[in-house]
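Numbering (our numbering) for the sequence shown: 521 to 936.
Reviewing the structure listed below.
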Amino acid sequence: MNDYLIGFRCASCGARYAPDQVTYTCPRDGGNLDAIYDYARMARELDPWQVVHRPDRSIWHYAELLPVCPDAHLPTPLSTLGWSPLYRAPALERALGLRAVWLKDDSRLPSASFKDRASAMVIARAQALGIKTICVASTGNAAAALAALCAGSDLQAVIFVPEHTPEGKLVGMLIHGARVYLVHGSYNDAVALAKEACRVFGWYNRSTGFNPYTREGKKTAGFEIAEQLAQADRQRAVPFRAPDVVIVPVGDGNIISGVYKGFDELRMLGWVDRLPRFIGVTAALSPSLYRAWQRGDETFETIPSRTIAGGIGTDRPCDGVMALRAVRNSGGVLIEASDEEMLDGVRVLAESAGVFVELSCAAAYVGLVKARQMGLIAPDEEVVLQLTGSGFKDLRAALRAAGQPIPIRSLADVHP
Ligand SMILES: *Cc1c(COP(=O)(O)O)cnc(C)c1O
Ligand SMILES: [Zn+2]
């Protein structure tokens, strides 16, 4: 275990626990837990230039800031995970009148979604605990990530997904040998079943937010963005650098709270001078989190999600408290995206930036356009869109945005 890790703090009551005192949520009130480290000591002992000059380009690059690391150093998908590309989208910059729009492209991770970061951290923790079966409830990507990263090890992935999970995501679990249960019900029903199964069978539960290690995996995207931005500067003056704005699609809220935490930790270490503003984008047809944001409190109603953007569809967000704090503490906002806007966003990102993402991910683009229209982002600002998943996993949804090919018999049917 990393000896900078102090333990966990409850997001609800603030109670603190030693690292091995807790497994999932707060024993007192069920609040989500957040890992805390000895940042003061780390700031004294660790040189950020030394960190960024480490040759290995993976999430494990940031070992001191991670609760666990895997023991093996073979070049496997687990040990090489991370360091997805960060690239500019000049056509979007021109269209939206912005100085810089960067895409952090996690559709390029091994299982083609951001969820690999969280699954990797949970797997490293399971290995440390000596537990051989890892269970997850998922709308698809978290499960596919777990299945892929367990492959070739002695770990078994057991998965609970809702019945309407897209085929591409199901295949991404089954092909790696995971055991997949298709739950008659919603994502949140699958979450409840996975929790009960872990209690009864002694499996380790990876479910998002409930397991505090998922956020620790996800924060690595924040570290990478800051390191890659600094590296891209013509004359690199700093080891890490924060953009003005980071835009993240939001369902359970674990990705936004994770990426936020990455920047917040760099700030606490004095390795960046400020936080970016976090703009979270939820599906209008999955409104539980957005309503809490509007009310200005941290309580969540259970409201059946009806969005076709499965990756951000949740009846009740599993990491909602931390997501709202990421937005509020950074001076950001939450914005809603309709299903039609996301479909359109898939096409725009594909046509103008060359990246084919899933509907949920396109919410980030919708948020960018709306934030710009609302005057929430100034022309001279630098924006990062966190891309979260590949469009190839849900072709049925994407086909609605893509249009149809033109059938021909000969060149006589072709009109240049
Ligand atoms: C899971 C997921 C999200 C949302 O992440 P949360 O932690 O649930 O907020 C966004 N996009 C894609 C593609 C996802 O798989
Ligand atoms: Zn508590």
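Cβ coordinates follow ideal geometry from the N, Cα and C atoms, glycine included.
Computed from a predicted model, the values in this text were never measured in an experiment.
Would the beta-carbon of Trp622 fall within 9 angstroms of that of Leu905?
-> For the 9 angstroms CB-CB criterion, Trp622 and Leu905 form a contact.
Who sits around ligand 2, taking every residue whose Cβ is closer than 5 angstroms to one of its heavy atoms?
-> Taking each Cβ in turn, the ones that pass are Cys530, Ser532, Cys533, Ala535, Cys546, Arg548, Asp549, Gly551.
Would you mind giving the Cβ-Cβ distance between Pro597 and Ala555, rounded to the nearest angstrom? I have them listed as a contact below 8 angstroms.
-> Contact between Pro597 and Ala555 is ruled out by a C-beta separation of about 24 angstroms, above the 8 angstroms threshold.
Considering only C-alpha positions, which residue in the set Ala846, Leu907, His704, Ser631 is nearest to Gly865?
-> If we check each option's Cα against that of Gly865, Leu907 comes out closest.
Compute the minimum distance between the beta carbon of Thr834 and the heavy atoms of ligand 1, and state whether it is under 8 angstroms.
-> Indeed, a heavy atom of ligand 1 lies less than 8 angstroms from the Cβ.
Using a Cβ-Cβ cut-off of 8 angstroms (strictly less than) and excluding sequence neighbours within five positions of Ala873, which residues of its own chain qualify?
-> The beta carbon of Ala873 lies closer than 8 angstroms to those of Ala609, Ala611, Leu612, Leu623 in the same chain, with the five residues before and after it left out.
DSSP state of Ala677, grouped into three classes?
-> Three-state DSSP puts Ala677 in a strand.
Residues near Asp626 in its chain [Cβ-Cβ closer than 8 angstroms; skip 5 each side] | Beyond the five residues adjoining it in sequence on each side, Asp626 comes within less than 8 angstroms, by CB distance, of Ser604, Ser633, Phe634, Asp636, Arg637, Ala741, Gln906, Leu907, Thr908, Gly909 in the same chain, given in chain order.
Please go through the segment 653–739 and give each complete beta strand (DSSP E) segment of 3 or more residues, from N-terminal end onward.
-> Runs found: 653–657, 676–682, 699–703.
Inter-residue spacing [alpha-carbon to alpha-carbon] between Ser658 and Ala898 = Rounded to the nearest angstrom, the two C-alpha atoms are 37 angstroms apart.
Can you grab the Cα-Cα spacing for the pair Tyr707 / Thr834, in whole Å?
-> C-alpha separation (whole angstroms): 7 angstroms.
Whole-Å CB distance - Pro732 paired with Asp709, under 8 angstroms assumed | That pair is no contact at about 23 angstroms.
Does the beta-carbon distance from Ala829 to Ser806 come in below 9 angstroms?
-> Against a cut-off of 9 angstroms, the Cβ pair of Ser806 and Ala829 comes out as a contact.
Any heavy atom of ligand 4 closer than 8 angstroms to the Cβ of Pro899?
-> As presented, the structure is devoid of ligand 4, carrying ligand 1 and ligand 2 as its sole ligands.
Using only alpha-carbon positions, find the residue among Val934, Ala563, Pro539 that is nearest to Met788.
-> Proximity to Met788 across Val934, Ala563, Pro539 peaks at Ala563, based on C-alpha coordinates.
Any chance the CB of Phe498 is under 8 angstroms from a heavy atom of ligand 1?
-> The chain is shown from 521 up to 936; residue 498 falls before or after that span and cannot be answered.
What are the boundary residues of the alpha helix (DSSP H) that Glu861 is part of?
-> Note, Glu861: alpha helix (DSSP H), 859–873.
In or out: Asn849 buried (at least 16 other Cβ within 10 Å) or exposed?
-> Exposed, by the Cβ-count rule.
Any non-hydrogen atom of ligand 1 within 8 angstroms of Glu687 CB = No, the beta carbon of Glu687 sits no closer than 8 angstroms to any heavy atom of ligand 1.
Taking Phe730 and Cys838 to be in contact with their CB atoms under 8 angstroms, please state how far apart those CB atoms are, rounded to whole angstroms.
-> Correct: roughly 6 angstroms between the Cβ atoms.
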